[in-house]
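Protein chains in written order, with this note's numbering: chain A, 1 to 239; chain W, 1 to 239.
For glycine and all other residues, C-beta sits at the position ideal for the given N, C-alpha and C.
Read through the structure below, which is laid out as structure tokens, and then see the notes.
2 protein chains.
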Amino acid sequence: MNLLLLTPDDLVTPAQACIHDSRRLRHLHEIHKASPGEELTVGMTDEGIGRARLIELEKERALFEILHLDTPPPPALPVHLLLALPRPRMLARSLENIATMGVKRLTLLHTARVEKSYWQSPELQPERIEAHLRLGLEQARDTVLPVVDLQPRFKPFIEDQLPAALTGHRALLAHPGIGESCPRGLPMDQPVTLAIGPEGGFIPYEVERLQTLGFEGIHLGPRILRVETAVVSLLSRLF
Amino acid sequence: MNLLLLTPDDLVTPAQACIHDSRRLRHLHEIHKASPGEELTVGMTDEGIGRARLIELEKERALFEILHLDTPPPPALPVHLLLALPRPRMLARSLENIATMGVKRLTLLHTARVEKSYWQSPELQPERIEAHLRLGLEQARDTVLPVVDLQPRFKPFIEDQLPAALTGHRALLAHPGIGESCPRGLPMDQPVTLAIGPEGGFIPYEVERLQTLGFEGIHLGPRILRVETAVVSLLSRLF
């Protein structure tokens, strides 16, 4: 946690915040070993970054005086990530990485090689998704929560929603063995939609449907990466 | 596991291998759900990749006929990674990522902000390190184990060993806020030594010592990445 991410609910006055949750309190007590009087880097969800002074730190609560919140968060990546739903354990780490890297738009998609049972995972509860995204933001010193939508049906999403979402976007399909080597250093003013398949990849029918919509195949060479690693590798190379 | 990585110890004859360890057996039983007669992708440690046919699969052992091992492993990255020893939990995942990405030379280094207790971690036992590296190789379908050395004293290493190791290498120091933005797509025939600091970074004295040895500072922008993520991000951008 390189930044303590506050929410409007934490505010007791416009200049004072009080936190009660065990995760942030434990971090203050055990990792940061904070003490009253100390200044910390804080951010307000979806707003600015700044400093706060710890006034009281008890087992059950921490009270802060907010000194300022006027630094803008780091720039976002101009990307809409279309990710085949990973297995629950990988989903957690993928969400953290996605938030840390600066993605602000994520669609979790069903594809033929996504096990149906993954859609029943408690990790898909909105508060669990948000918790992982917040961890990623705190790591990167960002404040802006990504917007996430779940698309448990491939065909209706591809046919009814995706075409409009692609307007003005360059569409890239990361898939081993097709297309060109992943491009490098794309311009930050060109929105991109990046599709990443599940373990085992997209099936040929899905590749074809996406290509028909204008997706260009790209690949990272012969090494097969885990989804959470592929997300970081692709974003680092593209932007 | 996208490849079953064999060792010479697994060979019962030059064309037959038998495995007994619970990790690989569990994978065959539970994830791969393999059955006798089936062909799998296998590799021999530090040698080629090919196919093997499963002859017997029991609870305690699996017997394979090796059909061929004539495909070379994927190309290595021309990089010597100099990594401040991460906390044990991060070390495990970092080792997997390092092996998956194709690094073949890793030095784990003490720096001022590495907690001394990390050097006592059981994760540093050679067999534990190798186990994590093997997981990473199996993910990437690689066979060549990285060479790892431990350097628990910064100054003697920097003074007595590092200068010779840098001969012919471009030396890069990943450090927030110094130098240029991380370069992209370096030539694969130019060896690179890449230094990555601990959580909290190198201290100014260490940065200065490394710069004196010819290290160029590079950075990834304002976002602070976890070590295991930074490794993937830097390697993906550099090569």
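Buried or exposed: L86/W, going by 16 or more other Cβ atoms within 10 Å of its Cβ? Position 86 of the second sequence, counted from the first residue, corresponds to residue 86/W. Residue 86/W is actually Pro in this sequence, not Leu. P86/W should be labelled buried.
Might you give, ordered along the chain, the residues of its own chain that have their beta carbon closer than 8 Å to the beta carbon of I32/W, omitting 5 neighbours on each side? In the second sequence, residue 32/W corresponds to position 32, counting from 1. Position check: residue 32/W holds His in this sequence, whereas Ile was assumed. Cβ neighbours of H32/W beyond the five flanking positions: M1 and L40.
From what residue to what residue does the alpha helix (DSSP H) around T242/W run? What the structure shows of chain W is the stretch from 1 to 239, and residue 242/W is not part of that stretch, so it cannot be assessed.
Distance between beta carbons of G179/W and R223/A, contact taken as under 8 Å: Position 223 of the first sequence, counting from 1, holds the residue named residue 223/A. Position 179 of the second sequence, counting from 1, holds the residue named residue 179/W. With 8 Å as the limit, R223/A and G179/W do not qualify as a contact, their Cβ atoms being about 28 Å apart.
Just to confirm my understanding: we take G201/A, look at its own chain, exclude 5 residues before and 5 after, and list those with CB closer than 8 Å. What are they? For this step, residue 201/A is matched to residue 201 along the first sequence. Within the same chain, G201/A has close Cβ partners R113, H175 and P176.
Across which residues does DSSP place T7/W in a beta bridge pair? Residue mapping note: residue 7/W aligns to position 7 of the second sequence, counting from 1. The partner list for T7/W (beta bridge, DSSP) is empty, contrary to what the question assumes.
Between the Cα of R53/W and the Cα atoms of P36/W, L69/W and I19/W, which residue gives the shortest distance? The residue you call residue 53/W lines up with position 53 of the second sequence. Ranking the options by Cα distance to R53/W, first place goes to P36/W.
Assuming L145/W and T45/W are in contact, meaning their beta carbons sit under 8 Å apart, how far apart are those beta carbons, in whole angstroms? Start at 1 with the first residue of the second sequence, and residue 145/W comes out as number 145. Start at 1 with the first residue of the second sequence, and residue 45/W comes out as number 45. About 6 Å; that satisfies the 8 Å criterion.
Contact with chain W by T229/A, beta-carbon distance below 8 Å: Numbered from its first residue, the first sequence carries residue 229/A at position 229. Answer yes: the Cβ-Cβ gap between T229/A and chain W drops below 8 Å somewhere.
Validate contact between the stretch 164-174 of chain A and the stretch 191-209 of chain A using beta carbons, cut 8 Å, 3 pairs: yes
Range covered by the alpha helix (DSSP H) that runs through L235/A: For this step, residue 235/A is matched to residue 235 along the first sequence. That run of the alpha helix (DSSP H) goes V227 to L238.
Contact with chain W by L100/A, beta-carbon distance below 8 Å: Your numbering for residue 100/A matches position 100 in the first sequence. Inspection of the sequence shows that residue 100/A is occupied by Thr rather than by Leu. Yes, T100/A lies at the interface with chain W (some Cβ there is under 8 Å from its Cβ).
Say whether chain A places a C-beta atom closer than 8 Å to the C-beta of D142/W. Reading the second sequence from its first residue, position 142 is the one you call residue 142/W. So yes, D142/W belongs to the interface.
Confirm, please, whether the CB-CB distance from R170/A to R244/A is below 8 Å. There is no way to answer for residue 244/A, as the model of chain A reaches only from 1 to 239.
Which partner residues does H80/W have in the DSSP bridge list? Looking up residue 80/W in the second sequence gives position 80. Answer is R105/W and T193/W, bridged to H80/W.
Using only CA atoms, which one of A99/W, Q211/W and A84/W lies nearest to E115/W? Working through the second sequence from its first residue, we reach residue 115/W at position 115. The residue with the shortest Cα to Cα distance from E115/W is A84/W.
At a cut-off of 7 Å, is E206/W close to the ligand ATP when judged by its beta-carbon and the heavy atoms of the ligand? As for the ligand ATP, it is missing from this structure, which has no ligand bound.
Keeping to the same chain, check which residues put their C-beta closer than 8 Å to that of E96/A; ignore five residues upstream and five downstream. Position 96 of the first sequence, counting from 1, holds the residue named residue 96/A. Taken in chain order, the residues that qualify are H132, L133, L135, G136 and Q139.
Cβ pair count under 8 Å reaching 3, the stretch 104-111 of chain A against the stretch 146-161 of chain A: yes
Please decide whether E222/W counts as near chain A, where near means a Cβ-Cβ distance under 8 Å. Walking along the second sequence from the start, residue 222/W turns up at place 222. Just to set this straight, residue 222/W is Pro in the shown sequence, not Glu. Yes, contact with chain A.
Chain-ordered residues of the stretch 69-88 of chain A with a beta carbon less than 7 Å from chain C: Given the protein chain composition of this structure (A and W), no chain C is represented.
Minimum C-alpha distance to H110/W - residue among E56/W, R153/W and I129/W: Position 110 of the second sequence, counted from the start, is the residue given in the question as residue 110/W. Nearest C-alpha to H110/W: R153/W.
Does the count of Cβ pairs from the stretch 54-64 of chain A and the stretch 156-165 of chain A closer than 8 Å reach three? no
Excluding sequence positions up to five away, which residues of its chain have a Cβ less than 8 Å from the Cβ of A230/A? As a position in the first sequence, residue 230/A is number 230, starting the count at 1. Excluding sequence neighbours, A230/A sits near A174, I196 and L220.
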